[in-house]
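Novice: My structure is below; once you've seen it, I'll send some questions.
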Amino acid sequence: MFMSGPVAASDKDAHVEMLPMTAHYTANIDKGLSIDGNATASLTRQSANRWQYRFDVDSFIADIRESARFRWSGQTVSPDTYRYSLEGWMISDRHRSLTFNWADDRVTGRYEGTPVDLSLPENALGPMTYQIQLKQDLKKGLQEMSYQVVAEGRMDDDQFAVRGEEVLDSRLGELNTIKVEKVRAPEKKRETYLWFAPEWDYMLVRLVQVAKDGTRYEVHLTEATVNGETVTARPTP
Numbered sequence: 002m003f004m005s006g007p008v009a010a011s012d013k014d015a016h017v018e019m020l021p022m023t024a025h026y027t028a029n030i031d032k033g034l035s036i037d038g039n040a041t042a043s044l045t046r047q048s049a050n051r052w053q054y055r056f057d058v059d060s061f062i063a064d065i066r067e068s069a070r071f072r073w074s075g076q077t078v079s080p081d082t083y084r085y086s087l088e089g090w091m092i093s094d095r096h097r098s099l100t101f102n103w104a105d106d107r108v109t110g111r112y113e114g115t116p117v118d119l120s121l122p123e124n125a126l127g128p129m130t131y132q133i134q135l136k137q138d139l140k141k142g143l144q145e146m147s148y149q150v151v152a153e154g155r156m157d158d159d160q161f162a163v164r165g166e167e168v169l170d171s172r173l174g175e176l177n178t179i180k181v182e183k184v185r186a187p188e189k190k191r192e193t194y195l196w197f198a199p200e201w202d203y204m205l206v207r208l209v210q211v212a213k214d215g216t217r218y219e220v221h222l223t224e225a226t227v228n229g230e231t232v233t234a235r236p237t238p
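Each number in our numbering corresponds to the 1-based position in the sequence shown with 1 added.
Dropping the structure here:
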């Protein structure tokens, strides 16, 4: 077990280790008709400080392939590329791509056919890499986090806050988790909550997102490995 507790209270300048992982999830979308699928997330080292993060979803309705390549300094994630494709039955295919040119401080690409060309602020993140930075910042003991994220062809300011600790009864058994909320203005009428397991390198255990039209999206961990070790439930008292 990886006892990845915070390195120090709110030590934002601490260097933290990044570990490879593979996780399998069930994914469910409920909007009158329930749509179930399976998802796989993987974080793999490509070279000394370069990594790839993938998230793939397979369902009866659609398949999603999403990936990001980035560099890890020990403190911050620096995205290099982002790719996304959705192909399905009776829905329009969607494709997105971004390239982060840090030498010129520009991010370019296409978002579902529309060109993207934006100024790149220092420490900006992509649609996937903010998830990695969030996990690493939780390891540092941070309670509130703010990221500039390239999303839908624009730059967003995304806010997250720790909302406490919970013991989740997962497919693997009971897991100690930290609950995190994506903070939005009340008028947005959207909710996103994430649960991470500190004892397993802050593995994402559960995600719940409710859109303003009432659509509910949930992801639940079913099995995983961290640095080659199988994730298991907390010991029974």
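Each residue gets a CB set at the ideal place from its N, CA and C atoms; glycine is no exception.
(1) Quick one: give me the first and last residue of the alpha helix (DSSP H) that Tyr-203 is part of.
(2) According to DSSP, which residues form a beta bridge with Arg-95?
(3) Should Gln-47 be labelled buried (16 or more other beta-carbon atoms within 10 Å of its own) or exposed?
(4) Are the CB atoms of Arg-107 and Leu-121 within a distance shorter than 8 Å?
(5) Taking all protein chains shown into account, do 16 or more other C-beta atoms lie within 10 angstroms of the C-beta of Val-8, making it buried, or fewer, making it exposed?
(6) Taking the continuous beta strand (DSSP E) assigned at Gln-132, which residues delimit it?
(7) Quickly, what does DSSP pair Gln-210 with across the bridge? List them, please.
(8) Going by Cα to Cα distance, which pick from Val-117, Ile-62 and Phe-71 is closest to Gly-38?
(9) How would you call Gly-174, buried or exposed, if buried means at least 16 neighbouring beta carbons within 10 angstroms?
(10) For the candidate residues Met-19, Thr-231 and Trp-103, whose alpha-carbon lies nearest to that of Pro-80?
Specialist: According to the data block:
(1) In the sequence shown, the residue the question calls residue 203 occupies position 202. Looking at the DSSP string, Tyr-203 is not in any alpha helix (DSSP H), and its letter there is neither H nor E.
(2) Here residue 95 corresponds to residue number 94 of the sequence shown, with the count starting at 1. In the DSSP output, where bridge partners are listed per residue, Arg-95 has Leu-87.
(3) As a position in the sequence shown, residue 47 is number 46, starting the count at 1. Exposed is the call here.
(4) Translated into the one-based positions of the sequence shown, residue 121 becomes position 120. Translated into the one-based positions of the sequence shown, residue 107 becomes position 106. Yes, Cβ-Cβ distance for Leu-121 and Arg-107 is below 8 Å.
(5) Numbered from its first residue, the sequence shown carries residue 8 at position 7. Interpretation of Val-8 is limited by its pLDDT of 41, a score under 50 that renders its predicted location unreliable; the figure taken from the coordinates is listed afterwards. It counts as exposed.
(6) As a first step, residue 132 must be located in the sequence shown, where it is residue number 131. Taken as a continuous stretch (DSSP letters only), Gln-132 belongs to no beta strand (DSSP E), being part of the alpha helix (DSSP H) at 130–140.
(7) For this step, residue 210 is matched to residue 209 along the sequence shown. Partner(s): Thr-193 and Tyr-218.
(8) As a first step, residue 38 is located in the sequence shown; it is residue number 37 there, counting from the start. The residue with the shortest Cα to Cα distance from Gly-38 is Ile-62.
(9) Indexing the sequence shown from 1 puts residue 174 at position 173. Exposed, since its Cβ has fewer than 16 Cβ neighbours within 10 Å.
(10) Counting from 1 along the sequence shown, the entry for residue 80 is found at position 79. Ranking Met-19, Thr-231 and Trp-103 by Cα distance to Pro-80 puts Trp-103 first.
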